[in-house]
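Take a look at the structure below.
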Amino acid sequence: MKQRLCINLIAFSLPLILKINPCNSSDEEIIFASEGSNICPPSYKKVTSSKWACMAAMALGDQNLPGDQDGETFKGSENVSDFPYGCYECPQGSNTCGKGTWFNTESSGQGNLKARPYCVRSSLDLEQPESGIIFVGDSDVDYWRESSSVTFPGSFNYGIAGYTCQQVQKDLRDLLKVVKGVKFIVLVCGENDLTNSSPSVTFKRFRKVYQKARRKNIRVMMMGTKPEPDTGNLHRKYRNYDNRLKVLAQKEAEKNLKDGPPFIFVDVYKAFKSLNNPRSLYAEDGLHLSAEGYAYWNTWVQNAHDNALCDDNDDYYYKDTCNCYLWKKMTCTKKIEVEG
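Under this note's numbering, the first residue of the sequence shown carries the number 369, and numbering increases by one thereafter.
As structure tokens, this is what we get:
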């Protein structure tokens, strides 16, 4: 939860933003309009096209906006005339609306006291990631705050804490109808399923997610399970699930020799174990990742993606591993050998 707040001192009707120069919003992709407003300042537009654009705005603004824009605070869609049209947030402490972010489909919606609309830079399309990459999954995605700025600039993050593969599967079909130009999905799901379900059931749920992506010719980069210090009773399930995913990655790679592996697996469990799995990789709860843990993830998923591009103009390192479907840290441990 962030508690930072910046108020433009020239006039309270101007946007709330967070920046080293607090009265200059020109470099921010996402800002808030003032509380009670229903319009955005010049060079910005309201987020009105879809709930997925709203969620993308939340993730993009999460590092800079005051309050909390984690995906788990998204309250869903509504159709009401007494709140702003489009994407807006009710901040903590408001007694006029439920805390969190809402997407209002009513075009005649009006400003309402504490409610503050999200404003996106006019040139930015929140339904087409410039990088062709989106993130979906559970809290490990939701709390990956640097995903759209450091990991893959131009990507969008749709993670929601607590999500299972089953819930991801239900959302993905609608998401991919709206969001265009997706080439890669960074996916994390399964740990929440495994709390109450078997590896077999969880894998079947994952397969449905994967199949939805492949119907759109989208490649999937999967971050595997974590050997969390406080979930030792689940680690056997984690390893079983990961093994099923590795088998799938090999089978899919063998069927798609021409276009490169459609499913790329980053073996987080073994990678963290090889680092001796220190608690410093995790947040205080012993479940979620710390900044140190995410730093490793950033490096590993960037490496897997860069290799997967198979750029003919790149050096031999990339050519040698562009058919890699299984990664442990920065090392390709399994790849398809292609002649020629």
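Beta carbons are placed, not taken as given, at the ideal position from N, Cα and C, and that holds for glycine.
Is the separation between the beta-carbon of residue i and that of residue j shorter than 7 Å?
i: F451; j: K419; result: no
i: N601; j: P567; result: no
i: S516; j: A427; result: yes
i: A425; j: I398; result: yes
i: L657; j: F633; result: no
i: A639; j: K576; result: no
i: M589; j: A672; result: yes
i: P597; j: G654; result: yes
i: G444; j: T416; result: no
i: V488; j: K413; result: yes
i: A617; j: L694; result: yes
i: K439; j: D542; result: Residue 439 is actually Gly in this sequence, not Lys. Taking 7 Å as the Cβ cut-off, G439 and D542 do not qualify as a contacting pair.
i: V556; j: I502; result: no
i: F400; j: M423; result: no
i: F552; j: R587; result: yes
Could you give the DSSP three-state label for residue i: helix, strand or coil?
i: P521; result: coil
i: W512; result: coil
i: E660; result: helix
i: V546; result: helix
i: E457; result: strand
i: L562; result: helix
i: L649; result: helix
i: L555; result: strand
i: V415; result: coil
i: F640; result: helix
i: G439; result: helix
i: C422; result: helix
i: C487; result: strand
i: G429; result: helix
i: L540; result: helix
i: D493; result: coil
i: K623; result: helix
i: T667; result: helix
i: C391; result: Residue placement at C391 is poorly supported in this model, since its pLDDT is 33, which falls under 50; the coordinates are not used for a value here.
i: N737; result: An answer regarding residue 737 cannot be provided, because it is not within the stretch 369 to 708 covered by the chain.
Just list the residues that DSSP pairs residue i with in beta bridges.
i: E446; result: N472
i: W695; result: V634, C700
i: F503; result: N525, V554
Pull up the distance between the alpha-carbon of residue i and that of residue j, whole angstroms please.
i: G527; j: K538; result: 13 Å
i: S393; j: P410; result: Confidence in S393 is poor, its pLDDT being 47 and thus under 50, which makes the residue's placement too unreliable to answer from.
i: K482; j: C458; result: 6 Å
i: S475; j: S565; result: 42 Å
i: V669; j: E514; result: 13 Å
i: S405; j: R484; result: 7 Å
i: C700; j: C678; result: 14 Å
i: T570; j: P521; result: 31 Å
i: V504; j: T473; result: 23 Å
i: G477; j: E559; result: 39 Å
i: Q431; j: V518; result: 11 Å
i: Q534; j: F574; result: 7 Å
i: C690; j: Q460; result: 47 Å
i: N447; j: N645; result: 47 Å
i: L562; j: K594; result: 12 Å
i: S523; j: D436; result: 20 Å
i: V546; j: D674; result: 26 Å
i: G628; j: E403; result: 49 Å
i: E705; j: S490; result: 46 Å
i: K548; j: G592; result: 26 Å
i: C465; j: N480; result: 9 Å
i: T599; j: K605; result: 11 Å
i: E396; j: D493; result: 14 Å
i: C408; j: K467; result: 21 Å
Return yes when the C-beta of residue i is under 6 Å from any heavy atom of the ligand SAM, and no when it is not.
i: Y453; result: As far as ligands go, the structure on display features none, and thus does not contain the ligand SAM.
Within the stretch 568-621, ranges of the alpha helix (DSSP H) (whole runs, at least 4 residues) | none
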